[in-house]
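Before any comments, here is the structure.
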Amino acid sequence: MRIVMKFGGTSVASAERIKNVAERVKGSGRGHQVVVVCSAMGDVTDELLALCADASKGMEKPVEERLASVRETHLAALAAAVGDKEVRRKVQGMLNLTLSQLEKLARGSTVLGELTPRSRDAILSCGERLSNPIVMGALIEKGVDAVFLTGGEAGIMTDDRFGDATPLLEVTKFQVSEKLSPLLAEGKTPVVTGYIGATQSGDTTTLGRGGSDFTGTLIASAVDADEVWIWSDVDGLMTADPRLVPSARVLREISYEEAGEMAVFGAKALHPRTLEPVAEKGIPVRFRNTFKPDDPGTVVKRNPKLYSKSVVKGVALVKEVAVITVRGASMVGKPGSAARIFDVMGRSGINVLMISQSVSESNISLVVARSAMEKGANALELALLGDGGYRHILTEGDVSAVAVVGGAMRSTKGVAATAFGAISAKGINIKMIASGSSNQNLSLIVAEKDAKDTVRAIHSAFRLDRLNS
Amino acid sequence: MDRSGWLIDEHGIDLRKALKAKKETGRVSPRVHDAPSAAVIRDIEAEVLIEATPTDFKTGEPGFSHMKAAFESRKHVVTCNKGPLALAYYALHELARHNGVQLRFSGAVGGGTPVLDFGKTCSTGDRLIGIRGILNGTCNYILTRMEGEGVAFEAALAGAQKEGYAEADPSLDVDGFDTAVKLVITANHLKLSKAGIKDVKIRGIRGISSKEVTKARREGKAVRLIASASAESGLVVAPTIVEREHPLCISGANNAVEFDCEYSGPKVIIGKGAGGPETASSLLRDLLEVRAKIDGQPGSRPAWRAAGAVGGPAR
Numbered sequence: 000m001r002i003v004m005k006f007g008g009t010s011v012a013s014a015e016r017i018k019n020v021a022e023r024v025k026g027s028g029r030g031h032q033v034v035v036v037c038s039a040m041g042d043v044t045d046e047l048l049a050l051c052a053d054a055s056k057g058m059e060k061p062v063e064e065r066l067a068s069v070r071e072t073h074l075a076a077l078a079a080a081v082g083d084k085e086v087r088r089k090v091q092g093m094l095n096l097t098l099s100q101l102e103k104l105a106r107g108s109t110v111l112g113e114l115t116p117r118s119r120d121a122i123l124s125c126g127e128r129l130s131n132p133i134v135m136g137a138l139i140e141k142g143v144d145a146v147f148l149t150g151g152e153a154g155i156m157t158d159d160r161f162g163d164a165t166p167l168l169e170v171t172k173f174q175v176s177e178k179l180s181p182l183l184a185e186g187k188t189p190v191v192t193g194y195i196g197a198t199q200s201g202d203t204t205t206l207g208r209g210g211s212d213f214t215g216t217l218i219a220s221a222v223d224a225d226e227v228w229i230w231s232d233v234d235g236l237m238t239a240d241p242r243l244v245p246s247a248r249v250l251r252e253i254s255y256e257e258a259g260e261m262a263v264f265g266a267k268a269l270h271p272r273t274l275e276p277v278a279e280k281g282i283p284v285r286f287r288n289t290f291k292p293d294d295p296g297t298v299v300k301r302n303p304k305l306y307s308k309s310v311v312k313g314v315a316l317v318k319e320v321a322v323i324t325v326r327g328a329s330m331v332g333k334p335g336s337a338a339r340i341f342d343v344m345g346r347s348g349i350n351v352l353m354i355s356q357s358v359s360e361s362n363i364s365l366v367v368a369r370s371a372m373e374k375g376a377n378a379l380e381l382a383l384l385g386d387g388g389y390r391h392i393l394t395e396g397d398v399s400a401v402a403v404v405g406g407a408m409r410s411t412k413g414v415a416a417t418a419f420g421a422i423s424a425k426g427i428n429i430k431m432i433a434s435g436s437s438n439q440n441l442s443l444i445v446a447e448k449d450a451k452d453t454v455r456a457i458h459s460a461f462r463l464d465r466l467n468s
Numbered sequence: 000m001d002r003s004g005w006l007i008d009e010h011g012i013d014l015r016k017a018l019k020a021k022k023e024t025g026r027v028s029p030r031v032h033d034a035p036s037a038a039v040i041r042d043i044e045a046e047v048l049i050e051a052t053p054t055d056f057k058t059g060e061p062g063f064s065h066m067k068a069a070f071e072s073r074k075h076v077v078t079c080n081k082g083p084l085a086l087a088y089y090a091l092h093e094l095a096r097h098n099g100v101q102l103r104f105s106g107a108v109g110g111g112t113p114v115l116d117f118g119k120t121c122s123t124g125d126r127l128i129g130i131r132g133i134l135n136g137t138c139n140y141i142l143t144r145m146e147g148e149g150v151a152f153e154a155a156l157a158g159a160q161k162e163g164y165a166e167a168d169p170s171l172d173v174d175g176f177d178t179a180v181k182l183v184i185t186a187n188h189l190k191l192s193k194a195g196i197k198d199v200k201i202r203g204i205r206g207i208s209s210k211e212v213t214k215a216r217r218e219g220k221a222v223r224l225i226a227s228a229s230a231e232s233g234l235v236v237a238p239t240i241v242e243r244e245h246p247l248c249i250s251g252a253n254n255a256v257e258f259d260c261e262y263s264g265p266k267v268i269i270g271k272g273a274g275g276p277e278t279a280s281s282l283l284r285d286l287l288e289v290r291a292k293i294d295g296q297p298g299s300r301p302a303w304r305a306a307g308a309v310g311g312p313a314r
């Protein structure tokens, strides 16, 4: 089998865990061809984010402290993870090169007191560029013929939207296949930095939060892998976030569409585009816990057979959202009213999460991230008010979104009735409702204080705590 | 640019001088350059790259890197290089789109005969069901000789080599690979399939005996190396018995392709296959199309009114 294994930050957080990763790859990968993709160690990415913030303010001392801490973390991990002198020297050389680049970038930005998005990505990419060579070293020591590549070297090409770059999928698939397939055929194990790509002119970009999983699925699709294994510190995708609902269960199987509907599934955050490259080819993705290697975890695949009787498979809570409502009687029957509203939001760079409009057309409600509420409302006021058609722009900031997800919802009657019944039994009022035409997702807006109870009520109404595999 | 160097003149190159130099010294440039060609393509100020390096069916190089460098520096690409197109059809189109430039390759299939443009026009406003055709002039020339002279494959091949219709190493042609690559490009271009070269079932003409050829002729038929693509049977390259009256059943180093549409029926285009002057004309045609599109003019359509083309129902 050809397997892409991706390890998250907690899985490579210490020398001990990096050795554990090497064990997993060697153990599960026996007789298989494996591509390894790793995130940055533990909280190194957060440290680098803080470093960026300090550097852009020209704060020399904290920048130096953070640089020293990053250096120390990785050199110590290397010393403890790799015993063989020869291998250690090789990895040390790679780390020194990246560390000195990082220091130059950080110091340069600090002197200027400014940081362009491009330099920021160059700095942020260092976390992965430091962790992966150590993993490579640990693998070589275990007798695995591992080679290190950055995402860009492996062929991942993106546009130049630094910080949240989008891969050019076809170019990436072609280049990664050309680069990695021969390595795999030679019996080598490529170790590729997650989260990182490069523009066509070779500048380093980052793929945004959760981007390492995306790297894993991109590579899997390019090399026609049989499976992707995403190792982290959770047991798999769950019916709900276990911190909210203690009785939440791990889902053994789920479809790409269901996983995609659930931006946030249990405790595991997915990059929204993670499943796109593998869904097309039907490559199964397994979410597994590094600390429980015998646990099967969750597999996302085509036509899952389990839970065929369960209509709803999960409940998710999206916190920190807000509702903006535009009202006006003369919006009624006026073509283009909605288009103007969305045009304003688009121009302001605000992402709309959820939309609801009654057939009377006298008002339209948008759900946005709470941090964008004021900006969005202001932009709408400036653009629309005084224009006759639009009368009021109202905002509501203390709300949360709850998503109910399940593939069989489209062919089952009474799903909404069950959900609404359970919510009203708790005395909770639903403020807004939306259901996409895929009918695999029912989204609700409730007051923030009621959000947890709503999730719990729905979870138990659909007996998700008794979902057995 | 050629394999040993390049010639750059922002006021335009004197082609006569360049050709004279090429003939006398074997290279266009007075001195040998060693900078990577992709870097030169990227840095030079020009609007269009004409990529005509020898095709490589395994890696697509150096064509792929050349085109990538051109796109990166916002140059249009005109090419007849089949390797990169067959291996990285969607990647190249994605790069062109990303950089807002054009990619044209009408000479990659059919040489001077505008097979791809004709197919596109046939399938516009209709649904393309399948493609069948003869896409390799060398194979067709060999089969025609076997037929006319009653000789074995080896003898016909040797004759074709002597007359310059076949390469010293004829395997890419006679084993069906060149045909398969053109089939992949055509099927993807006309959105009939997203298949790659490894999805094509390929059988060449090496195993054809003169007995089979003679038998077919006696029955009013002929053996031809036919490439076909359809939703039901996928992509296939194989020697096939064809009725002599069928428009596809052409003789000599020619190409013929039939496009079968759901409502408007089959149409056939026939013309000379790839050769130096034919391919050069396709490159010029594409270059003018690039210009026409930039100017927002309809271009030189209809492009299939080339000599030798026939239209109308084929069966």
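Protein chains in written order, with numbering that gives the first Met the number 0: chain G, 0 to 468; chain X, 0 to 314. Note that the Cβ used here is the ideal one computed from N, Cα and C, for glycine as well.
Requested in this report: Note down, one range per segment and in chain order, each alpha helix (DSSP H) of at least 4 residues found wholly within the stretch 341-386 of chain G.
Outcome: Runs of the alpha helix (DSSP H) spanning 4 or more residues and lying entirely within the stretch 341-386 of chain G occur at 372-383, in chain order.
Query raised in the report: In terms of alpha-carbon separation, which member of G:R248, G:S10, G:D158, G:P241 lies closest to L463 (chain G)?
Result: By one-based count along the first sequence, residue 463 (chain G) stands at place 464. For L463 (chain G), the closest C-alpha among the options G:R248, G:S10, G:D158, G:P241 is that of G:R248.
Query - Reference E256 (chain G); option with closest CA among G:V277, G:S399, G:S246, G:A184 - result: Taking the first sequence and counting its residues from 1, the one referred to as residue 256 (chain G) is at position 257. Measuring from the Cα of E256 (chain G), the nearest candidate turns out to be G:V277.
Query - Separation of R205 (chain X) from K214 (chain X), as counted between CA atoms - result: Along the second sequence, read from residue 1 onward, the residue named residue 214 (chain X) stands at position 215. Along the second sequence, read from residue 1 onward, the residue named residue 205 (chain X) stands at position 206. Between the C-alpha atoms of K214 (chain X) and R205 (chain X) there is a straight-line separation of about 17 Å.
Query raised in the report: Which class does R304 (chain X) belong to by DSSP, given the choice of helix, strand or coil?
Result: By one-based count along the second sequence, residue 304 (chain X) stands at place 305. Low per-residue confidence applies at R304 (chain X): pLDDT is 40, beneath 50, and the placement is therefore not dependable, though the value from the model is reported in the following sentence. Of the three classes helix, strand and coil, the one that applies to R304 (chain X) here is coil, per DSSP.
Query raised in the report: Would you report the Cα separation of I12 (chain X) and L6 (chain X), rounded to the nearest angstrom?
Result: By one-based count along the second sequence, residue 12 (chain X) stands at place 13. By one-based count along the second sequence, residue 6 (chain X) stands at place 7. CA-to-CA, the gap between I12 (chain X) and L6 (chain X) works out to about 8 Å.
Query - Inter-residue Cα distance where the pair is I422 (chain G) and L236 (chain G) - result: Translated into positions along the first sequence, residue 422 (chain G) becomes position 423. Translated into positions along the first sequence, residue 236 (chain G) becomes position 237. Cα-Cα distance, rounded: 24 Å.
Query - CB contact below 8 Å: Q32 (chain G) versus chain X - result: As a working mapping, residue 32 (chain G) is identified with position 33 in the first sequence. No, its Cβ sits nowhere closer than 8 Å to a Cβ of chain X.
Query - Cβ shell of A460 (chain G) (< 6 Å), same chain only, five flanking positions each side left out - result: Here residue 460 (chain G) is taken as the residue at index 461 of the first sequence, counted from 1. Closer than 6 Å at Cβ, skipping near neighbours: T417, A421.
Query raised in the report: What residues of chain G sit near Y89 (chain X), judged by a beta carbon separation below 7 Å?
Result: Start at 1 with the first residue of the second sequence, and residue 89 (chain X) comes out as number 90. Result: E169.
**Report entry** Whole-number beta carbon distance between A197 (chain G) and M156 (chain G), since they are thought to touch under 8 Å
**Finding:** The residue given as residue 156 (chain G) occupies position 157 in the first sequence. The residue given as residue 197 (chain G) occupies position 198 in the first sequence. Contact between M156 (chain G) and A197 (chain G) holds, with the beta-carbon distance rounding to 6 Å and staying under 8 Å.
Query - Pairwise C-alpha distance: F56 (chain X) and V143 (chain G) - result: By 1-based counting over the first sequence, the position of residue 143 (chain G) is 144. By 1-based counting over the second sequence, the position of residue 56 (chain X) is 57. Approximately 32 Å between the Cα atoms of the pair.
Query raised in the report: Would H458 (chain G) be called buried (16 or more neighbouring beta carbons within 10 Å of its own) or exposed?
Result: For this step, residue 458 (chain G) is matched to residue 459 along the first sequence. Buried, because 16 or more other Cβ atoms sit within 10 Å of the Cβ of H458 (chain G).
Query raised in the report: In three-state DSSP terms, what is S3 (chain X)?
Result: To locate residue 3 (chain X), count along the second sequence from 1; it is residue 4. DSSP, read as helix, strand or coil, puts S3 (chain X) in coil.
Report task. Starting from H188 (chain X), follow its DSSP beta bridges and name the residues at the other end. Result -> Numbered from 1 along the second sequence, position 189 holds the residue referred to as residue 188 (chain X). None; H188 (chain X) has no bridge partner.
Query - For E59 (chain G) and T109 (chain G), believed in contact at Cβ under 8 Å, the rounded distance - result: Mapped onto the first sequence, residue 109 (chain G) falls at position 110. Mapped onto the first sequence, residue 59 (chain G) falls at position 60. A Cβ-Cβ separation of about 6 Å places T109 (chain G) in contact with E59 (chain G) under the 8 Å criterion.
Query raised in the report: Where do the ends of the beta strand (DSSP E) carrying K220 (chain X) lie?
Result: For this step, residue 220 (chain X) is matched to residue 221 along the second sequence. That run of the beta strand (DSSP E) goes 220-229.
Query raised in the report: Terminal residues of the continuous beta strand (DSSP E) containing S254 (chain G)?
Result: Position 255 of the first sequence, counted from the start, is the residue given in the question as residue 254 (chain G). Where S254 (chain G) is concerned, the enclosing beta strand (DSSP E) starts and stops at 252-254.
Report task. Hey, could you find the ends of the alpha helix (DSSP H) I122 (chain G) is sitting in? Result -> Indexing the first sequence from 1 puts residue 122 (chain G) at position 123. That run of the alpha helix (DSSP H) goes 116-123.
Query raised in the report: Which residues in the same chain as P29 (chain X) place their Cβ atom closer than 6 Å to its Cβ, once the five residues preceding and following it in sequence are excluded?
Result: Here the question's residue 29 (chain X) lines up with position 30 in the second sequence. There are no such residues.
Requested in this report: Decide if Y306 (chain G) is buried, meaning its Cβ has at least 16 other Cβ atoms within 10 Å, or exposed.
Outcome: Walking along the first sequence from the start, residue 306 (chain G) turns up at place 307. Classification of Y306 (chain G): buried, given that the 10 Å Cβ count is 16 or more.
Query raised in the report: So the alpha helix (DSSP H) P276 (chain X) belongs to, where does it begin and stop?
Result: Here the question's residue 276 (chain X) lines up with position 277 in the second sequence. It spans 275-293 - the alpha helix (DSSP H) in which P276 (chain X) sits, taken as one unbroken run.
Query raised in the report: In chain X, what lies closer than 9 Å to D158 (chain G) by C-beta?
Result: Here residue 158 (chain G) refers to the residue found at position 159 when the first sequence is read from its first residue. Correct list: H97.
Query raised in the report: Nearest-angstrom Cα distance between S105 (chain X) and Q100 (chain G)?
Result: Residue numbering aside, residue 105 (chain X) sits at position 106 when the second sequence is read from its first letter. Residue numbering aside, residue 100 (chain G) sits at position 101 when the first sequence is read from its first letter. A straight-line Cα-Cα distance of about 46 Å links S105 (chain X) and Q100 (chain G).
Query raised in the report: Taking the continuous alpha helix (DSSP H) assigned at Q32 (chain G), which residues delimit it?
Result: Translated into the one-based positions of the first sequence, residue 32 (chain G) becomes position 33. Counting along the chain, Q32 (chain G) falls outside any alpha helix (DSSP H), though it belongs to the beta strand (DSSP E) covering 32-37.
Query raised in the report: Excluding five sequence neighbours on each side, which residues of the same chain lie with their C-beta closer than 6 Å to the C-beta of G136 (chain G)?
Result: By one-based count along the first sequence, residue 136 (chain G) stands at place 137. If we look at G136 (chain G) and ignore the five residues flanking it on each side, its Cβ neighbours are V81, V86, V90.
**Report entry** N288 (chain G) to G207 (chain G) span [Cα, whole Å]
**Finding:** Taking the first residue of the first sequence as 1, we reach residue 288 (chain G) at position 289. Taking the first residue of the first sequence as 1, we reach residue 207 (chain G) at position 208. C-alpha separation (whole angstroms): 23 Å.
Query - H31 (chain G) versus G:S38, G:K18, G:V20, G:V3, residue with shortest Cα-Cα distance - result: In the first sequence, the residue the question calls residue 31 (chain G) occupies position 32. Ranking G:S38, G:K18, G:V20, G:V3 by Cα distance to H31 (chain G) puts G:V3 first.
Report task. Measure the C-alpha to C-alpha separation of L274 (chain G) and I269 (chain X) and round it to an integer number of angstroms. Result -> Walking along the first sequence from the start, residue 274 (chain G) turns up at place 275. Walking along the second sequence from the start, residue 269 (chain X) turns up at place 270. The alpha-carbon atoms of L274 (chain G) and I269 (chain X) are separated by roughly 45 Å.
Query raised in the report: Just how far apart, CA to CA, sit T203 (chain G) and E93 (chain X)?
Result: Position 204 of the first sequence, counted from the first residue, corresponds to residue 203 (chain G). Position 94 of the second sequence, counted from the first residue, corresponds to residue 93 (chain X). Their backbone Cα atoms lie some 20 Å apart in a straight line.
Query raised in the report: Using a Cβ-Cβ distance under 8 Å, would L94 (chain X) count as near chain G?
Result: Counted from its first residue, the second sequence places residue 94 (chain X) at position 95. So yes, L94 (chain X) belongs to the interface.
Query - For A87 (chain X) and T58 (chain X), the rounded distance between their alpha carbons - result: By one-based count along the second sequence, residue 58 (chain X) stands at place 59. By one-based count along the second sequence, residue 87 (chain X) stands at place 88. For T58 (chain X) and A87 (chain X), the distance between alpha carbons rounds to 10 Å.
Report task. Tell me the start and end of each unbroken alpha helix (DSSP H) in the stretch 115-189 of chain G that is at least 4 residues and wholly inside, in chain order. Result -> If we require 4 residues or more, the alpha helix (DSSP H) runs fully inside the stretch 115-189 of chain G come out as 116-123, 125-140, 150-153, 168-184.
Query raised in the report: Just to confirm, are L111 (chain G) and L47 (chain G) a CB contact at a threshold of 8 Å?
Result: Taking the first sequence and counting its residues from 1, the one referred to as residue 111 (chain G) is at position 112. Taking the first sequence and counting its residues from 1, the one referred to as residue 47 (chain G) is at position 48. Contact check for L111 (chain G) against L47 (chain G) fails: the beta carbons are separated by 8 Å or more.
Query raised in the report: Excluding five sequence neighbours on each side, which residues of the same chain lie with their C-beta closer than 6 Å to the C-beta of T120 (chain X)?
Result: Taking the second sequence and counting its residues from 1, the one referred to as residue 120 (chain X) is at position 121. Excluding residues within five positions, none has a Cβ falling inside 6 Å.
Query - Cutoff 6 Å; reference G126 (chain G); Cβ partners in own chain excluding five residues on either side - result: Position 127 of the first sequence, counted from the first residue, corresponds to residue 126 (chain G). For G126 (chain G), where only same-chain residues beyond five positions count, the Cβ hits under 6 Å are A39, V43, T44, L47.
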